[in-house]
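Undergrad:
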Amino acid sequence: MGKKGILLVNLGTPDSPKTADVRKYLDEFLMDGRVIDVNPVLRTLLVKGIIVPFRGPKSAKIYKEIWTEQGSPLLIYGKNVKNAIADRLGEDYHVELAMRYQSPSIPDALERLKQAKVDSIKVIPLFPQYASASTGSVHQLVMEIVSQWQAIPSISFVNSYYDHPGMIKVFADNTRKYLDEGWDHILFSFHGVPQRHMRKADVSGEHCLKVKDCCKTLTENNKFCYSAQCHQTAKLIAEELNLSDDKYSLCFQSRLGNDPWMQPYTSDVLKELAGKGVKRILVLCPAFVADCLETLFEISFEYQEEFEELGGEKVQLVESLNDNPAWIDALEDIILNKN
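This is the structure:
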């Protein structure tokens, strides 16, 4: 019999920090109808006429700040994880890494799995919490591509693993390394999404942003809600660290545009904490399995500067899962046992 195929997919990264490559990446990313879910004509005008031309050069400068001699941190960690999990799973498996946007591409990775004559394909988006703009987009593209194949193997998708004990423990263990340094507060900062995405995911139409504290407890109505899953991830890590409710907060970063996104915004929480006299903050970003622009620059530089201007002293980023061997253990379990 043939091998079992595993497709690991992360969001994406430019091929280089050059403005042209960054614009190419932003164009593909923001033209995704699940990312900017508005009328296609309006989306084209916004992305190609306003956002990419003006945001491209600015983003290129930021990418240069985090770029390494080996390339993009996100891609480096992705390759390391792919190689480690391939070694762990052994010869019965064929593992490919892809990015939803840019290289290595999902079409190319799927073609390699097809040529390897795998009996099945299991798609593992490298996003712990489900969101339409990330996991949903990956699943949709894979289905669109494979639907054109003459012979379609057995295919399965992992929806999320926001509560996986192994993943929770790695984030907690990474945090423990800093706890002796004396922090006033711990912040769980997740990537933001527009509120309209949350409302669209509410099949009942009666829960999202209509029920008080609708995201703080997982129910049948919000089990696919990104925000609710983020709250659950933070809660489980806090429990692993024995944190009381007053010692940590949850917030959402990386807002784009003027429409309301999930709240509270990280900037607002920093302002609130500084107003209470908080000086030193430890920040975890459990929506990211690998450190990238949003963690290495947005947290470590932008929010550090912002907090200092508000009277704070230190914003310390807790490293992500990256290529930690314990994360490889958890990922192996997700691949083998998660439906």
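For what it's worth, UniProt numbering labels the leading residue of the sequence shown as 1, then goes sequentially. Beta carbons are placed, not taken as given, at the ideal position from N, Cα and C, and that holds for glycine. Here the structure is a predicted model, which means the values were calculated and not measured.
Pull the bridge partners of Thr68 from the DSSP assignment, please.
TA: DSSP output for Thr68 lists Gly71 as bridge partner(s).
Undergrad: With DSSP collapsed to three states, give me the class of Val170.
TA: The answer is helix: DSSP assigns Val170 an H, G or I state.
Undergrad: Assuming Ala98 is part of the beta strand (DSSP E), what are its boundary residues?
TA: It spans Tyr93 to Tyr101 - the beta strand (DSSP E) in which Ala98 sits, taken as one unbroken run.
Undergrad: Just the Cα atoms here: how many angstroms apart are Cys225 and Thr135?
TA: Approximately 12 angstroms, taken between the alpha carbons.
Undergrad: With distances taken Cα to Cα, identify the nearest neighbour of Trp183 among Pro40, Glu313, Trp327 and Lys3.
TA: Nearest option by C-alpha distance: Glu313.
Undergrad: By alpha-carbon positions, which one of Phe127, Asn322, Ser120 and Tyr178 ends up nearest to Ile281?
TA: The shortest Cα separation from Ile281 among Phe127, Asn322, Ser120 and Tyr178 belongs to Tyr178.
Undergrad: Pick out whichever of Phe252, Val318, Lys18 and Asp108 has its Cα sitting closest to the Cα of Lys64.
TA: For the residues Phe252, Val318, Lys18 and Asp108, the minimum Cα distance to Lys64 belongs to Lys18.
Undergrad: Distance, Cα to Cα, Lys271 vs Val41?
TA: The alpha-carbon atoms of Lys271 and Val41 are separated by roughly 38 angstroms.
Undergrad: In whole angstroms, what separates the C-alpha of Pro128 from that of Ala60?
TA: Their Cα atoms are separated by approximately 27 angstroms.
Undergrad: So does the region 151-159 actually touch the region 238-257, counting three or more Cβ pairs closer than 8 angstroms?
TA: Touching, no.
Undergrad: Can you pull the DSSP bridge partners for Val315?
TA: According to DSSP, which records beta bridges pairwise, Val315 is partnered with Ile281.
Undergrad: Between which two residues does the alpha helix (DSSP H) harbouring Asn337 extend?
TA: That run of the alpha helix (DSSP H) goes Pro325 to Asn337.
Undergrad: Distance check for Pro125 and Val138, CA to CA, integer angstroms please.
TA: Rounded to whole angstroms, Val138 to Pro125 spans 7 angstroms at the Cα level.
Undergrad: Taking the straight line between their C-alpha atoms, what separation do you get for Thr219 and Met198?
TA: Each residue's alpha carbon lies about 14 angstroms from the other.
Undergrad: Might you give, ordered along the chain, the residues of its own chain that have their beta carbon closer than 7 angstroms to the beta carbon of Asn221, omitting 5 neighbours on each side?
TA: Once the five neighbours on either side are set aside, the close Cβ partners of Asn221 are Asp202, Ser204 and His207.
Undergrad: Could you tell me which whole alpha helix (DSSP H) segments of length 4 or greater appear in the region 188-253?
TA: Within the region 188-253, the complete alpha helix (DSSP H) runs of at least 4 residues are 195-201 and 226-240.
Undergrad: Mind checking which residues open and close the alpha helix (DSSP H) that includes Phe307?
TA: Unbroken alpha helix (DSSP H) run through Phe307: Gln304 to Glu309.
Undergrad: Please name the residue, chosen from Ser120, Ala326, Ala20 and Phe29, that lies closest to Gly5 on a Cα-to-Cα basis.
TA: Nearest option by C-alpha distance: Ser120.
Undergrad: Here's the rule I'm using: 16 or more other beta-carbon atoms within 10 Å means buried, otherwise exposed. How should Gly311 be labelled?
TA: With fewer than 16 Cβ atoms within 10 Å of its Cβ, Gly311 is classed as exposed.
Undergrad: Give me the Cα-Cα distance between Ile106 and Val278, rounded to the nearest whole angstrom.
TA: About 44 angstroms.
Undergrad: Which of helix, strand or coil does DSSP assign to Tyr161?
TA: The answer is coil: DSSP assigns Tyr161 none of H, G, I, E or B.
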